[in-house]
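Contents: one structure, followed by commentary.
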Amino acid sequence: MTPVTSRRRPLRHRFSALIAATLALLTAATVAAAGAGAAPVPGPARTVPSGGYEELWVPSAMGNVKVQVQWAARGGNASLYLLDGLRALPDRNAWSFDTNAMDQFRHDNITLVMPVGGESSFYTDWYYPSNFNQQQVTYKWETFLTRELPDFLARYGVERSNTGIAGVSMGGTAAMTLAAHHRDQFKFAGSYSGYLNTTAPGMREAIRIAMLDAGRYNVDAMWGPPWNPAWLRNDPFVVAPQLQGMSLYVSAGTGFPGIYDHPGAPIEYWNTAMGMGLELLSMTSSRAFQIRLATLGIPATFSFPPSGIHSWPYWSGELWQSRAQILHTLNAW
């Protein structure tokens, strides 16, 4: 006869199974509690209080980018991006030292965001590095300003959809273009002596020469040859219909020397003459942009004073003139 085999497991096996089941129940309960009632992970701590100044290093496809920040005075979520000009420096944004921008907004509930670098970049995404000057990285400024930077600042409580953008010269061109293509992010766009019709006759050639002069950059690495569609995509005049409903501010002087122009040395006369020519070109394209917006039925604030050349004191004054519009649009009083 075949012996009857017991179906009972040894005691040690039952004890191990009991421990495993208990641990599984405890783990499931812990996970459920964490998902249901855990507090949100706080963002990174600021090293300065509200209203203070801080320098951040923001990761990007171009490497870490320095960004100068003046936090909103009362912890508000609004922000204003201030873009530099063609000869942007690698260590600081000219808005922070060539103007009194930080003093202008020091007591307002808005964070000033001043990205550093981007010489001759037009704050756009380039196709490849400039080969004329052996540029080491490919500029990806549109990606940085509309994805990487707002995502980073959101961790500090800065809302990406309550943002304004403004710039001078090259930065003014970029401000209008970026605002047109990223309506989910920007509510205000300002151009101070920007070039707002970059595909007008002669403008492609002028930009090519200017970028060669400012760092030996090859414009073909940026938007390709003159017939490439990227030129049209980055022309504020062309993309103007996409600015419908946005708060806009456009300014440019006539190119005639004004109250801030008192040249004495030969180099000062040279700089004044260059500033006169650059501002005349900006005024011409800004006037064309004004007509373009009028034909589209798009309202905007325009400032065309009777004098003023292409220089920072005038842009600082125009920022002050547009300050109330910026704060009202972003509800940042």
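Counting with mature numbering (1 follows the signal peptide of the UniProt record, and there is no 0), you get residues -33 to -1, 1 to 300 for the letters of the sequence shown.
Just so it is clear, CB atoms sit at the ideal spot from N, CA and C, and this is done for glycine as well.
These figures come from a predicted structure and were not determined experimentally.
Give the single residue among the options whose Cα lies nearest to the Cα of residue i.
{"i": "residue 31", "options": "38, 22 and 156", "result": "22"}
{"i": "residue 36", "options": "296, 116, 292 and 104", "result": "116"}
{"i": "residue 165", "options": "151, 152 and 194", "result": "194"}
{"i": "residue 175", "options": "186, 150 and 62", "result": "186"}
{"i": "residue 16", "options": "25, 26 and 41", "result": "41"}
{"i": "residue 48", "options": "108, 225, 102 and 14", "result": "108"}
{"i": "residue 29", "options": "200, 110, 272 and 248", "result": "110"}
{"i": "residue 89", "options": "63, 26 and 137", "result": "137"}
{"i": "residue 173", "options": "245, 292 and 50", "result": "245"}
{"i": "residue 263", "options": "44, 208 and 120", "result": "208"}
{"i": "residue 69", "options": "51, 24, 233 and 19", "result": "19"}
{"i": "residue 50", "options": "14, 112, 150 and 152", "result": "112"}
{"i": "residue 169", "options": "72, 251 and 291", "result": "251"}
{"i": "residue 213", "options": "103, 149, 58 and 225", "result": "149"}
{"i": "residue 210", "options": "249, 163, 234 and 224", "result": "163"}
{"i": "residue 13", "options": "257, 120 and 296", "result": "120"}
{"i": "residue 295", "options": "52, 57, 26 and 130", "result": "130"}
{"i": "residue 290", "options": "72, 233, 261 and 224", "result": "72"}
{"i": "residue 43", "options": "56, 25, 24 and 74", "result": "74"}
So, at 6 angstroms on beta carbons, what are the nonlocal neighbours of residue i in its own chain, with the 5 sequence-adjacent residues on each side left out?
{"i": "residue 78", "result": "38, 39, 46 and 125"}
{"i": "residue 159", "result": "135, 139, 218, 282 and 285"}
{"i": "residue 280", "result": "227"}
{"i": "residue 2", "result": "Model confidence at residue 2 stands at a pLDDT of 39, short of 50, so the residue's coordinates are unreliable; what they give is reported in the following sentence. Correct list: empty, nothing qualifies."}
{"i": "residue 202", "result": "165 and 166"}
{"i": "residue 242", "result": "276, 277 and 278"}
{"i": "residue -3", "result": "Residue placement at residue -3 is flagged as unreliable, the pLDDT there being 33, under the threshold of 50; the coordinate-derived value follows with that caveat. So no residue of the chain qualifies."}
{"i": "residue 106", "result": "88 and 93"}
{"i": "residue 27", "result": "111 and 115"}
{"i": "residue 171", "result": "193"}
Suppose the cutoff is 7 angstroms on Cβ atoms and the five residues either side in sequence are ignored; what does the same chain contact list for residue i look like?
{"i": "residue 54", "result": "86 and 181"}
{"i": "residue 100", "result": "182, 183 and 184"}
{"i": "residue 197", "result": "190 and 191"}
{"i": "residue 236", "result": "230"}
{"i": "residue 188", "result": "93, 94, 95, 96, 97 and 98"}
{"i": "residue 272", "result": "220"}
{"i": "residue 199", "result": "166 and 205"}
{"i": "residue 58", "result": "83"}
{"i": "residue 297", "result": "45, 77, 129, 131, 154 and 155"}
I think residue i touches residue j, with their Cβ atoms under 8 angstroms apart; what is that distance to the nearest whole Å?
{"i": "residue 230", "j": "residue 239", "result": "5 angstroms"}
{"i": "residue 132", "j": "residue 156", "result": "6 angstroms"}
{"i": "residue 66", "j": "residue 286", "result": "7 angstroms"}
{"i": "residue 253", "j": "residue 161", "result": "7 angstroms"}
{"i": "residue 80", "j": "residue 33", "result": "Actually they are not in contact, since the Cβ atoms of residue 80 and residue 33 sit about 12 angstroms apart, beyond 8 angstroms."}
{"i": "residue 299", "j": "residue 60", "result": "With a Cβ gap of about 20 angstroms, residue 299 and residue 60 do not count as contacting."}
{"i": "residue 204", "j": "residue 114", "result": "With a Cβ gap of about 25 angstroms, residue 204 and residue 114 do not count as contacting."}
{"i": "residue 274", "j": "residue 288", "result": "About 15 angstroms separates the two Cβ atoms, so there is no contact after all."}
{"i": "residue 91", "j": "residue 142", "result": "The Cβ separation is near 12 angstroms, so there is no contact."}
{"i": "residue 128", "j": "residue 152", "result": "6 angstroms"}
Got a sec? Which residues, its chain only, sit under 8 angstroms from residue i by beta carbon, not counting five neighbours each side?
{"i": "residue -21", "result": "Per-residue confidence for residue -21 stands at a pLDDT of 41, beneath the threshold of 50, marking its modelled position as unreliable; the derived number appears in the next sentence. Hits under 8 angstroms: none found."}
{"i": "residue -32", "result": "Its pLDDT being 36, under 50, residue -32 is placed unreliably in this model, and the value from its coordinates should be taken loosely. There are no such residues."}
{"i": "residue 11", "result": "122 and 123"}
{"i": "residue 247", "result": "221 and 222"}
{"i": "residue 6", "result": "At residue 6 the pLDDT is 42, less than 50, meaning the model places this residue with poor confidence; the figure from the coordinates comes in the next sentence. So the list is empty, once near-sequence residues are dropped."}
{"i": "residue 292", "result": "155, 214, 216 and 268"}
{"i": "residue 52", "result": "61, 134, 135, 136, 137 and 138"}
{"i": "residue 63", "result": "35, 69 and 81"}
Sort out for me which residues DSSP pairs residue i with in a bridge.
{"i": "residue 131", "result": "47 and 155"}
{"i": "residue 79", "result": "37 and 47"}
{"i": "residue 25", "result": "32"}
{"i": "residue 217", "result": "158 and 269"}
{"i": "residue 20", "result": "37"}
{"i": "residue 92", "result": "107"}
Practice problem: Give, in chain order, every unbroken run of the beta strand (DSSP E) that is at least 3 residues long and sits entirely within the segment 131 to 204. | Solution: 153 to 159
Quiz item: Which runs of the beta strand (DSSP E), 3 residues or longer, sit entirely within the segment 230 to 287?
Solution: 268 to 270
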